[in-house]
Structures are given as structure tokens and as C-alpha cells.
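In what follows, a single structure is set out as C-alpha cells and then discussed.
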Amino acid sequence: MFRTIGIITKPNDPNSDKKAAELSTLLEKKNVSVVQGEKISEQADLIIVVGGDGSLLNAARTFVDKKIPILGINLGHLGFLADVPMSNMEEIVSEVLNGNFIKEQRHLLLCQIEQDGKVLGQYLALNDAVVHRADSLRMIEFDLLIDDKFVSNQRADGLIITTPTGSTAYALSSGGPIMHPGVNAIGVVSICPHTMSHRPLLVPGESEVVVHIKESDEGATVNFDGQTSVPISARQDIRLKQHESLIHLLHPQDYDYFEIIRSKLHWGAKL
């Protein structure tokens, strides 16, 4: 089913390189071509990430427009997205090559940094975009708009705009709801707002979210998937909406989302 597979490793990680070499040997024995680096976007019909959730997040942002499905082999701590355990790699990869897998679509966020109507930069996030103070514990002040309608003015430690995929990450720790990946929505979660009236908000996936940094604030930052940070100046806008392309994740046939959040996050566990 898949004839050319691109392998992505975690940078500067000898263990990831070692396991990737083992995977390459397995694939070549099954007459599957293996590519790496720039050849992945041109030749691969499947990407296997040998690393952790962070490596998979990076691969998703890089290859989303190529529409190449991604399978994650977990070498990290959590393994929420990269959900194939290293101990079962050979068995599960063999099953995937035989067409036995679950394919799931996930939304990404497209974010534009703007000032006076000019686009200063574009960024993607599979999990979330987090607006926060860059170098101090002071709060930031911002206006929140949804589809050009004013929602609120807030003073808070920050704001998380999350996809359903990211709802189990920073947003969950900040009091946001768990969103099933099949839900078409965007979550807006304040980080320690200086009022009791601001609560997490879910809006339709087609919505456009704008965060306007107030004139009194300098030194804010927006961070994408915990990996890319961009400084934001006063009077700049952060405009977010769903990216037009979806990422396609592959899972083992016995994949169960609720079992994942029970086992990885101890959701519903007895005290």
C-alpha cells in the first residue's frame, strides 16, 4: 500500500537515529523504499516519525500541505500523538503496510501577525497558539474578537487558542475542556485571568479569532506548539483560523481515543 516511506528522527538524539536505522532495515526487507530529508516531500507516500509528540508536531506543520499521512513511533515521555510504542514497532508497522490502520484527520491553526492591515508573518500550529508575557510575570492586556465582533477586554497571564488536538495540552492545564478530535471547533482559554467572569470558550471551527494587543503592552510573545516563539508589539493583531489543509494521522487498528486519555492523562481515575 505504501511503497516509499519518509523517516523523520528527533534532532541530536542518538537513540532516535538508532531506532530509525532499525526501522529502515525492517522496511527494506519488505521491499519498501526509505527516504529522508528533502526527498520526503517529493517522494514519500507515508511519513514515520521516530521521536515523540514534539517531533510529530513539527512534522505536521512542515508537511500538512503535502497531504502525506503521518505515523508516530513514540520515544518520548507522553506519546499522545506518537502513539506507537517502540516495543510494538515492528508488528504495528507491518500491519500498517498491509493496510490495517485507522486514519484520522486533524485541523491546524493558521495564524497571521498583522499591524495596520499589513501581514508581518504566517505560522501554523497543530496544538495551540499561546499569547503570553515574554520575560516577566506581569499580565498582558488584550481585546478578543470573534468574526469581527468584540467579545471581551482581558487582563491575564495570557490566552490559549487551541485546536481539538491541543485541548489536552496547555489548554487542559488552564481549565479548558477536552475536545474530541472529531469536533470542528476552536477553543479560547484564558491563562489566570484577573477576573472570575472569564471562562473557556468554544467557537465554531469556521470562526476567525483576533487577539489585539493593547497600546499599554510591550513585550508580549505568541508561541506555536511550544516550539516557535514570535515577539508581539503593542497595537499588533494576532489573527487565527483553521488552516485549509488537514493533517492525516495513522493509528494502530486498536486505537481508542478515550483509552489514550485514560492511560496517558489518568482521566477519570479514582483518587
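Going by the numbering used here, the sequence shown opens with residue 27, and the numbers climb by one from there.
C-beta: ideal position from N, C-alpha, C; glycine also.
All of these numbers come straight from a predicted model, not from anything done at the bench.
| Whose CA, out of Leu-136, Glu-121, Met-222, lies closest to the CA of Asn-249? | Here residue 249 refers to the residue found at position 223 of the sequence shown. When each option's Cα is compared against that of Asn-249, the closest is Leu-136.
| Between Val-90, Ser-233, Ala-46, which lies nearest to Asn-100 when the distance is taken from Cα to Cα? | As a first step, residue 100 must be located in the sequence shown, where it is residue number 74. Per the Cα distances, Ala-46.
| Close-in-space but distant-in-sequence residues of the same chain around Arg-288 (CB under 7 Å, 5 per side omitted) | Indexing the sequence shown from 1 puts residue 288 at position 262. Closer than 7 Å at the Cβ level, and outside the excluded window around Arg-288, lie Gly-294.
| field | Cutoff 6 Å; reference Gly-32; Cβ partners in own chain excluding five residues on either side | value | Mapped onto the sequence shown, residue 32 falls at position 6. Result list for Gly-32: Val-61, Ile-66, Ala-70, Ile-73, in chain order.
| Taking the runs of the alpha helix (DSSP H) that are 4 residues or longer, which of them lie wholly in the segment 113-148? | For the segment 113-148, whole alpha helix (DSSP H) runs of length 4 or above, ordered along the chain, are 115-123.
| request: Consult DSSP for Pro-40 and reduce its assignment to one of helix, strand or coil. | output: In the sequence shown, counting from the first residue as 1, residue 40 sits at position 14. Note: Pro-40 maps to helix in three-state DSSP.
| task | Jot down the residue ranges of each uninterrupted beta strand (DSSP E) in the segment 259-289, minimum 3 residues, whole runs only, in chain order. | result | The qualifying runs are 263-268, 273-277.
| Does the distance from the C-beta atom of Arg-265 to that of Glu-234 stay below 9 Å? | Here the question's residue 265 lines up with position 239 in the sequence shown. Here the question's residue 234 lines up with position 208 in the sequence shown. It is a contact, given that the beta carbons lie within the stated cut-off.
| Which class does Glu-69 belong to by DSSP, given the choice of helix, strand or coil? | Reading the sequence shown from its first residue, position 43 is the one you call residue 69. Note that residue 69 corresponds to Gln in the displayed sequence, not to Glu. Note: Gln-69 maps to helix in three-state DSSP.
| request: Flag this pair as yes or no: are the beta carbons of Pro-226 and Ile-212 separated by less than 9 Å? | output: Working through the sequence shown from its first residue, we reach residue 226 at position 200. Working through the sequence shown from its first residue, we reach residue 212 at position 186. Against a cut-off of 9 Å, the Cβ pair of Ile-212 and Pro-226 comes out as no contact.
| query | In chain order, what residues of the same chain lie with their CB nearer than 7 Å to the CB of Tyr-196, ignoring the 5 residues before and after it? | reply | As a working mapping, residue 196 is identified with position 170 in the sequence shown. Hits under 7 Å: Asp-154, Val-156, Ile-186.
| message | Measuring alpha carbon to alpha carbon, tell me which residue in Val-236, Leu-97, Glu-48 is nearest Gln-262. | response | Stepping through the sequence shown from its first residue, residue 262 is reached at position 236. Answer by Cα proximity: Val-236.
| field | Buried or exposed by the 16-neighbour rule on C-beta atoms within 10 Å, applied to Gly-125 | value | In the sequence shown, residue 125 corresponds to position 99, counting from 1. With fewer than 16 other beta carbons inside 10 angstroms of its own, Gly-125 counts as exposed.
| task | Name the two residues that bound the continuous beta strand (DSSP E) containing Phe-106. | result | Taking the sequence shown and counting its residues from 1, one reaches residue 106 at position 80. Neither: Phe-106 is in no beta strand (DSSP E) and is coded neither H nor E.
| said: Let's test the definition: count the other Cβ atoms within 10 Å of the Cβ of Pro-257 and tell me whether it reaches 16, buried, or not, exposed. | reply: Translated into positions along the sequence shown, residue 257 becomes position 231. So Pro-257 ends up on the exposed side.
| request: May I ask you to list the residues that DSSP assigns as paired with Leu-59? | output: On the sequence shown, residue 59 is found 33 positions in, with the first residue counted as 1. The question names Leu, but residue 59 is Ser in the sequence shown. DSSP lists Thr-30 as partners of Ser-59.
| field | Distance, Gly-105 Cα to Ser-200 Cα | value | Working through the sequence shown from its first residue, we reach residue 200 at position 174. Working through the sequence shown from its first residue, we reach residue 105 at position 79. Whole-angstrom Cα-Cα distance: 21 Å.
| task | Just tell me which of Arg-29, Glu-68, Leu-49, Asp-173 has its CA closest to the CA of Gln-268. | result | Walking along the sequence shown from the start, residue 268 turns up at place 242. Distance check between Gln-268 and each of Arg-29, Glu-68, Leu-49, Asp-173 places Asp-173 closest, using alpha-carbon atoms only.
| Which one or two residues does DSSP pair with Phe-168 in a beta bridge? | Along the sequence shown, one-based indexing puts residue 168 at 142. DSSP lists Gln-180, Ile-239 as partners of Phe-168.
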